[in-house]
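J.:
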Amino acid sequence: MSTYTLQYDMGLRFWVLTDTQGQTLATYLSRATALRDEVVRGVIERGCILRIRNADGSYEPVDPPTAPAPEAVAPPSGSVLATGAAAA
10 MSTYTLQYDM GLRFWVLTDT QGQTLATYLS RATALRDEVV RGVIERGCIL RIRNADGSYE
70 PVDPPTAPAP EAVAPPSGSV LATGAAAA
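With the first letter of the sequence shown counted as 1, position 9 gets the number 18 in the working numbering; the numbers rise by one all the way through.
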């Protein structure tokens, strides 16, 4: 299983995604932008390991995305109009 690293490069002032050989794959202005990017999401979704390197040298693992809980996607009760009802 391949391991990729996302870390802040103080010299470049960018977040940098590197592969197992240390080759730079992508750079980002913020950590949040990096974690939303399709390249980083693709690494996670393919089952590879993505580590985020903290300033103190420790690594923070990133869990793969999970499906939202059913209650997070279901509309609240009472807000659904009955069939044939007109919106006010």
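All residues carry an ideal CB built from backbone N, CA and C; glycine is no exception.
The structure displayed is predicted, hence computed values, not measured ones.
Could you give the first and the last residue of the continuous alpha helix (DSSP H) run that contains residue 42?
T.: Residue 42 -> alpha helix (DSSP H) spans 40 to 45.
J.: In angstroms, rounded to a whole number, what distance separates the CA positions of residue 17 and residue 43?
T.: Each residue's Cα considered, the two are about 11 Å apart.
J.: Below 6 Å CB to CB, which residues in the same chain sit around residue 22 once its five sequence neighbours on both sides are set aside?
T.: Result list for residue 22: empty, nothing under 6 Å.
J.: Specify the secondary structure class of residue 50 as computed by DSSP and reduced to three states.
T.: Of the three classes helix, strand and coil, the one that applies to residue 50 here is helix, per DSSP.
J.: Decide if residue 48 is buried, meaning its Cβ has at least 16 other Cβ atoms within 10 Å, or exposed.
T.: Flag for residue 48 reads exposed.
J.: Report the rounded CA-to-CA distance for residue 60 versus residue 53, giving the unit in angstroms.
T.: Their backbone Cα atoms lie some 10 Å apart in a straight line.
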